[in-house]
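Below: the structure, in structure tokens.
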Amino acid sequence: MERIASIMYLKDGFAEEYKARHDDLWPEMEQVLKEHGAQNYSIFMDDNTHVLFAYLEVENREKYDKIASTEICKKWWAYMEPLMETNDDNSPVSKNLTSVFYLA
């Protein structure tokens, strides 16, 4: 199992909308996440900076990374683009984090 952590950036004023959209995650998006091996997926937000911290576990990173090429993922990114800092393809601007400690 590989643990993945990253940070993303929410635009000011969209914290409630961001949470609401994830509370109502599209069933198709949930399905594609699971099909690509995502487990124990959590997103946390710093209330002061609106920096998002995402954590998930995957069995196969290469398989998980293929989610970016799915139509539903691209549709989700377009849906979330007004709320977040994004790249040209609407994917969230994110920075992968390096694990420095783990207690099982």
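In our numbering, the protein residues as written are 1 to 104.
By construction, the Cβ of each residue, glycine as well, lies at the ideal position given by its N, Cα and C atoms.
Asked, Found
"Cβ neighbour criterion (16 or more within 10 Å) applied to residue 103", "exposed"
"Any non-hydrogen atom of the ligand PLP closer than 7 Å to residue 33 Cβ", "As presented, the structure is devoid of all ligands, the ligand PLP included, so that no description of it is given."
"Residue(s) in a DSSP beta bridge with residue 57", "3, 39"
"For residue 68, the nearest candidate out of 17, 33, 13 (CA to CA)", "33"
"Buried versus exposed call for residue 26 [16 or more other C-beta atoms within 10 Å across all chains shown]", "exposed"
"Presumed contact (8 Å Cβ cut-off) between residue 8 and residue 84, rounded CB distance", "6 Å"
"Reduced DSSP category for residue 93 - H, G, I as helix; E, B as strand; rest coil", "coil"
"Strand pairing of residue 44, partner residues [DSSP]", "53"
"Cβ neighbours of residue 39 in the same chain (closer than 6 Å, five flanking residues each side left out)", "57"
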